Amino acid sequence: TTEIDVDGGIDQDIFDINEALGLDLFEGDIKFDGMQER
Amino acid sequence: NSIIGDNYRWPHVVPYVLEDSLEMNAKGLILKAFEQYRLKTCIDFRPWEGEKNYISVFKGSGCWSYVGNLQEGLQQLSIGANCDRIGTIQHEFLHALGFWHEQSRSDRDDYVSIIWDRIQPGKDHNFNKYDDKTSDSLNVPYDYDSVMHYSQNAFRNGTEPTIITNIPDFMDVIGQRMDFSDYDLQKLNRLYNCTSSLSFMDTCSFELENICGMIQSSDDSSDWQRLSQVPAGPNTDHTNMGECEDSGYFMHFNTSAGAVGSTAILESRILYPKRGFQCLQFYFYNSGHESDRLYVWVREYTSAHPNGTLRLIEEIKGSPASYWQLHHVSLNVTSKFRVVFQGTRGSGSSNGGLSVDDINLSETQCPHHVWHIRNFTYLLNTSPAGTAGRIYSPPFYSSKGYAFQVSLYVNGTTDNPFNLAIYLYLISGANDDQLQWPCAWQQGTMILLDQHPDIRQRMSNQRSITTDPLTLSDSSSTYFWDRPDKVGSIASFPNGTTFMRGPGSGTSAFLTHQRLKSRNFIKEDSVYILLTMEDISHLLSTQPSVSPTFFMNTSSANTIKPTFNTSATTKSPMRPTTTTRPVTTASVPLTEEPEMDVPDSCPDNPCENDGVCIMVDRGPECRCPAGDDWWYMGEKCERKGSAQENTVIAVSSTVAVFVVMLVVTITTAVCLKKKYSQVKENGESLNLEVNRW
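Chains Y and D supply the protein sequences, listed in that same order.
In terms of the working numbering, the first sequence opens at residue 3 and continues consecutively.
In terms of the working numbering, the second sequence opens at residue 923 and continues consecutively.
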């Protein structure tokens, strides 16, 4: 029987997913608004 | 750790919008994540109805959130590709509610070691820690279990972990994305001053003598007994499995004595429903005779029946078995009530009786099906990795009538041997001719149950798969979720009956064996996989009819006009067109996730100044636009107020008061001076007179 692995065989954490997308967020998954950045 | 500052808090009911860009599977999972918040905290989520601040969940690039309520109107939260798992969604919403990551707290070096030379160049800043002026750990101990903790390999440059836990046993614990930990909940409940939750009602494992306020009825011929073992079984309770001496109790109805038909009734305390639907879960042990019965009733109190009326919900029967079995009973009670357990002795000869333990009652939906896998340790020890070690669930039917099945790779796939792998398949069923194909927007959820006695402390592991009718198979010649007898292959049940099994979708990284052996996933050498397949096609369009972008970036809101989303009505959800009643094996009424309460537009929009009209209690109501320093008010948003206007009023009032006071002061001074001069003159002339005289 055909089976699709939605994770592609890897248990990707949030940070791995974002890193693979080339995102460089604060602590991997946090965005800041202008005031917080300052 | 929470961000410091009350301005970062959300109201207890958080307004949200699910943008249409979200994947369907993610939409369904976001609603499931909200249910966990409703069960375990006092935070609730409601579709946006024009509130000033709300969370807009969309499919961006990656999984991310802002921290806390930024008070900026629309606040985005991204659930992108591969972010569609419940733990990830809970994690991002915890950020939005005001939480940072666990390992950034000031005392983290007491608990974990950061291996700096294993971190990718330029990524060191991700391991900063913050003092108690920046974040507050809310007086809760460091939490390796937190859903907010990095995993051991975060930002590594090679193959070695970047975080080492000072207690080695926690190496594989950090980074769990299953569910809230106990301390996550403690922190969230402290931050938001929670004292109750929306959907939790009661839990009871009969460890205390007061048996959770349950009462023995006087309208019966026998009583339930609180015991820790029965010679005919069970030998132990289910809560502690006999591991704790002088503890571990359950309630038992002895059917080995008494007359045929004798009954014992155990009633819960009075409960007050909020939502109108409940799920009762409990473990049941039958060491009596197959003719013995357990009846679950509810006693409902209404103004017409203040003493309560009984309504039978379910009759539980079956052959005696030498193990505890999990049962779910769906209730739909809207007035105050008690749950009633009635044991009845049957006509057969019994050496034991009926026992119940670990009861949980919550206002949640019950899972549709339960797959109980016994002798699990044996399976773990003997199953090879790969397809030879794969076991299949019995066949089940979804609420729409689709037949499906689940497989579990006990020792993983050959590529991933130290994990549990799980896959979902459509299989040929009795309703196939009446169903829509390819199967559209059915979300199958597979939950490996953490069998903790208290539902609030369970950290079950779950994944969901949604059938997208346009997904093509690898060969691109067929639709993946088409009729199993068209795209599947022949298979057979253990009794030899053949059927067709379609292709499967799932994950080879469902849960590591290390985590599987933690918590209470395996109890009495059993695991439970809870299965639900529900129609989520109503989530195809979830965006409100008035575009939420109206309130985005309030500083420039003057220039942004409301846009009405007409596409919501022109989209055609592919709803299955079942013409005959489908066959299902569900023994309980199946209800779906409550539909999104999208604000209805008013027939005659009475609002002025771009106010949004919504129907509240079937009446139109205007939600007026507002910015940081301006707002519209009045029934039709006809009047404008602004902070500047208020300032002008305040300043001019102050000046006016000052001028009046000045005039009064000057007048008084002048009068006094005049009076003083007169007195002085009079005094001098009197002196002269005296001298002359």
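Even glycine gets a Cβ: it sits at the ideal position worked out from N, Cα and C.
This one's a predicted model, so the numbers in the text were calculated from it and none came from an experiment.
Asked, Found
"Of the listed residues D:Gln-1356, D:Ile-1295 and D:Asn-975, nearest to Ile-922 of chain D (C-alpha basis)", "Given that chain D is displayed from residue 923 to residue 1615, the structure contains no residue 922 of chain D and the question cannot be resolved."
"Within-9 Å CB hit, Arg-1221 of chain D to chain Y", "no"
"Closer than 9 Å to chain Y by CB, Leu-992 of chain D", "yes"
"For Gln-1379 of chain D and Leu-992 of chain D, the rounded distance between their alpha carbons", "31 Å"
"Three-state secondary structure (DSSP) of Lys-1595 of chain D", "helix"
"Nonlocal neighbours in the same chain, by C-beta distance under 6 Å from Phe-967 of chain D, ignoring five residues either side", "Val-936, Tyr-938 and Phe-956"
"Interface residues of chain Y facing Trp-986 of chain D [CB-CB closer than 8 Å]", "Asn-20, Leu-25, Leu-27, Asp-31, Ile-32 and Lys-33"
"Under 8 Å by beta carbon: chain Y residues contacting His-1017 of chain D", "Asp-31 and Ile-32"
"Reduced DSSP secondary structure (H/G/I, E/B, other) of Ile-19 of chain Y", "helix"
"Burial state of Gln-1012 of chain D, where buried means 16 or more other Cβ atoms lie within 10 Å", "buried"
"Alpha-carbon spacing of Trp-1359 of chain D relative to Tyr-1331 of chain D, whole angstroms", "28 Å"
"Beta-carbon separation (whole angstroms), Thr-1393 of chain D vs Tyr-1401 of chain D, contact threshold 8 Å", "7 Å"
"Element boundaries [beta strand (DSSP E), containing Asn-1383 of chain D]", "1383 to 1388"
"Straight-line Cα distance separating Ser-1068 of chain D from Ser-1103 of chain D", "5 Å"
"6 Å CB neighbourhood of Asn-1383 of chain D in its chain, flanking five on each side removed", "Met-1100, Leu-1370 and Leu-1433"
"Meets three-Cβ-pair contact criterion under 8 Å: the region 1183 to 1194 of chain D and the region 1301 to 1319 of chain D", "no"
"Chain Y contact for Trp-1022 of chain D (CB, 9 Å cutoff)", "yes"
"Among D:Phe-1049, D:Gly-1270, D:Leu-1346 and D:Val-1582, nearest to Gly-1210 of chain D - alpha-carbon criterion", "D:Gly-1270"
"DSSP bridge partner residues for Ser-1284 of chain D (one or two, in chain order)", "D:Phe-1122 and D:Cys-1201"
"Residues bridged to Ala-1186 of chain D (per DSSP)", "D:Ser-1144 and D:Gly-1265"
"Cutoff 6 Å; reference Ile-1238 of chain D; Cβ partners in own chain excluding five residues on either side", "Leu-1216"
"Contact set between the region 1323 to 1349 of chain D and chain Y, restricted to residues whose Cβ is under 9 Å from the partner", "Ser-1329, Thr-1335, Asp-1337, Asn-1338, Asn-1341, Ala-1343, Tyr-1345 and Tyr-1347"
"Tyr-1324 of chain D - DSSP class collapsed to helix/strand/coil", "coil"
"Sequence-distant residues of its chain with Cβ nearer than 7 Å to Gln-1436 of chain D (five each side left out)", "Asp-1094"
"Residue range of the alpha helix (DSSP H) that includes Ala-1018 of chain D", "1008 to 1019"
"CA nearest to the CA of Gly-1009 of chain D, picked from D:Ser-1213, D:Met-1381 and D:His-1374", "D:Met-1381"
"CA nearest to the CA of Ser-1321 of chain D, picked from D:Phe-1204, D:Asp-1337, D:Met-1455 and D:Phe-980", "D:Met-1455"
"Residues bridged to Arg-1423 of chain D [DSSP beta-bridge criterion]", "D:Ile-1349 and D:Ser-1411"
"Chain Y contact residues for Phe-1077 of chain D, given Cβ-Cβ distances below 9 Å", "Phe-17, Glu-21 and Gly-30"
"Span separating the alpha-carbon of Ile-1571 of chain D from that of Lys-1597 of chain D", "39 Å"
"Whole-number beta carbon distance between Ser-1277 of chain D and Tyr-1207 of chain D, since they are thought to touch under 8 Å", "4 Å"
"9 Å Cβ cutoff met for Asp-1279 of chain D and His-1160 of chain D", "yes"
"Backbone CA spacing between Ser-1397 of chain D and Thr-4 of chain Y [nearest angstrom]", "11 Å"
"Bridge-paired residues (DSSP) for Arg-1078 of chain D", "D:Ile-1041"
"Exposure of Gln-1287 of chain D, with buried meaning 16 or more beta-carbon neighbours within 10 Å", "buried"
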